[in-house]
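What follows is a short report on a single structure.
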Amino acid sequence: SSSKNPVVQDLNNSLIAMKQTIIRSVDNLIVGLNIKIKNIRAQEEQTSRRISAVPTQQKEVLSVERRQKIKEELYLYLLNKREENELTQRMTESNARIIDPAAGSNAPVAPKAMMILLASVVLGCAIPAGILWLLMVSDTKVRSRKDVEGVLSVPFLGEIPMRDKKDKNEVVVHENGRDSVSEAFRIVRTNMDFMRVKEKNMQVVMFTSFNPGAGKTFVSINLAMSFALTHKKVVLVDLDIRKGTLSSHVQVSDMGVTNYLSGRIDNVDEIIQKGELYDKLDIIHAGPVPPNPAELLLSDRLEALIAELRERYDYIILDNVPAGVVADAVIVNRVADLTIYVVRAGRMDRRALPEVEKLYREGKLRNMSLILNGTVYKHGTYGYHYGYGYGYGYGYGYGYGQRKKK
-2 SSSKNPVVQD LNNSLIAMKQ TIIRSVDNLI VGLNIKIKNI RAQEEQTSRR ISAVPTQQKE
58 VLSVERRQKI KEELYLYLLN KREENELTQR MTESNARIID PAAGSNAPVA PKAMMILLAS
118 VVLGCAIPAG ILWLLMVSDT KVRSRKDVEG VLSVPFLGEI PMRDKKDKNE VVVHENGRDS
178 VSEAFRIVRT NMDFMRVKEK NMQVVMFTSF NPGAGKTFVS INLAMSFALT HKKVVLVDLD
238 IRKGTLSSHV QVSDMGVTNY LSGRIDNVDE IIQKGELYDK LDIIHAGPVP PNPAELLLSD
298 RLEALIAELR ERYDYIILDN VPAGVVADAV IVNRVADLTI YVVRAGRMDR RALPEVEKLY
358 REGKLRNMSL ILNGTVYKHG TYGYHYGYGY GYGYGYGYGY GQRKKK
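For the sequence shown, my numbering assigns the number -2 to the initial residue and increments by one for each residue that follows.
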């Protein structure tokens, strides 16, 4: 038969398939035997470890047994000693006796209520007092006349109490006014009259301060009004030509001091505003803001202006800039007879008072006197209750440019 015979081919295929099946069976058998061998070796190693660990376990058991025996003997010994001590105590007679019977009170020994109450009262008084003391020590602001007079030798003209915050009107002095602020301005006016008698000439009065916000414009307006109410002819001149603080509180005019000082106007009557606040009180506004304020104030025309005003008025009130801000106050002071330095209570630092004293000692401001503005009192000296809140604001932002009209 040929190898291509189908019967032969089927037999060959069967033989090949049987051969592969036998080979797979043998391989599976070998794998299974290898797994068994591995498991047997693992069991062998585990058994070997157990056998080798037996001596160590025996040692530990013996050690535990020895410790147990020692503790058991110690326990029995202590039991015997306890029994012996109990027998000894029962056989010994007590030699203690009561000398004094115990005595006590139903009141608790601690805490002691009176001590706690006393400590509470002391702390309740000490803590607020300490806080008030710290506030007083940390407060460096000028609050009263005592703070000023203890440091300065500047003549003191008077105090202006705080006014009601609700009162927005800058003019608080009126003909029949009997409030504390009006009375304070009358006292200042009277003190100035005494100074006028002593110094002969106190016609030109200049107002300045250490820094903005002292209320010098408020004081100058109302002091001028106070003089006008005594039928004196008074002119109020706004020499704050950088900002025109006084002019901003009354009707603003395009014509003012700067127009005259710059030579644009020669007739003084053109810059005088007649009786805006009172028929005896005239006002000269600052005028347009110049590019060179200090140089303008140095001109001879300022002396000429003041000289002509001296011929017309009993009092010339000059509202000027703070002396501690720009040089204008010192420049203008050459035409003044009296310089009133306004200190604002609650705003000026007491540590700055030596600078004010230095100004007075060096004579940079002529006939310098001082007014304390914005003081607060619990009880007034005029029969009134002082509780005024002074709401006058002041701010400096010096620069050039035309002021806005109101």
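The C-beta atom is built at its ideal place from N, Cα and C for all residues, glycine as well.
Out of F207, R358, K277, the CA that lies nearest to the CA of H228 is found in K277.
With a beta-carbon spacing of about 6 angstroms, L367 and V340 fall inside the 8 angstroms limit used to define contacts. The three-state reading of DSSP puts D144 in helix, counting H, G and I together. With the rule of 3 Cβ pairs closer than 8 angstroms, the region 100 to 109 does not count as touching the region 302 to 319.
The beta-carbon distance between A221 and R344, rounded to whole angstroms, is 23 angstroms. This is too long to meet the 8 angstroms contact definition. In the DSSP assignment, G155 falls within the unbroken beta strand (DSSP E) covering 153 to 158.
Separation of L131 and A123 (C-alpha to C-alpha, rounded to the nearest whole angstrom) is 12 angstroms.
With respect to M189, M199 sits close: the two C-beta atoms are nearer than 8 angstroms. As DSSP reads the structure, L315 sits in a beta bridge with M203, V234.
When DSSP reads this structure, M189 sits in no beta bridge, so it has no partner. In the structure shown, N103 falls within a coil segment according to DSSP collapsed to helix, strand and coil. Within the DSSP bridge table, the entry for Q270 names I280 as partners. Taking a contact to require three or more Cβ pairs closer than 8 angstroms, the region 253 to 266 and the region 298 to 308 qualify as touching. Listed in chain order, the non-local C-beta contacts of F153 below 6 angstroms within the same chain comprise L367, local neighbours out to five positions each way being set aside.
In this structure, V353 sits away from V178, with a CB-CB distance that is not shorter than 8 angstroms. Note: D346 is bridge-paired with K138 in the DSSP secondary-structure output.
I328 sits away from A283, with the two beta carbons spaced by 8 angstroms or more. For V168, the closest C-alpha among the options V216, V234, T137 is that of V216. Rounded to the nearest angstrom, the gap between the Cα atoms of V23 and E42 is 29 angstroms. At the C-beta level, D235 and I281 come within 8 angstroms of one another. In the DSSP assignment, R341 falls within the beta strand (DSSP E) that extends over 335 to 341. For G29, the enclosing alpha helix (DSSP H) has its first and last residue at 3 to 88. Contact annotation: V139 and R358 have beta-carbon atoms that are not nearer than 8 angstroms. The beta-carbon separation of P319 and S206, rounded to 5 angstroms, stays under the 8 angstroms limit for a contact.
The beta carbon of A333 lies closer than 6 angstroms to those of V201, M203, R363 in the same chain, with the five residues before and after it left out. Annotation: D279 to G155 spans about 25 angstroms, alpha carbon to alpha carbon.
Boundaries of the beta strand (DSSP E) around M365: 365 to 372. As a beta-bridge residue in DSSP terms, Y275 pairs with L278.
Per the coordinates, the alpha-carbon of L350 lies some 18 angstroms from the alpha-carbon of V323.
DSSP, read as helix, strand or coil, puts S117 in helix. DSSP, reduced to helix, strand and coil, places K229 outside both helices and strands of the structure shown, so it counts as coil. Residue environment for V118: exposed (fewer than 16 other C-beta atoms within 10 angstroms of its C-beta). Boundaries of the alpha helix (DSSP H) around P290: 290 to 294. I238 places its beta carbon less than 8 angstroms from that of P287. Judged by DSSP in its simplified three-state form, K213 adopts helix.
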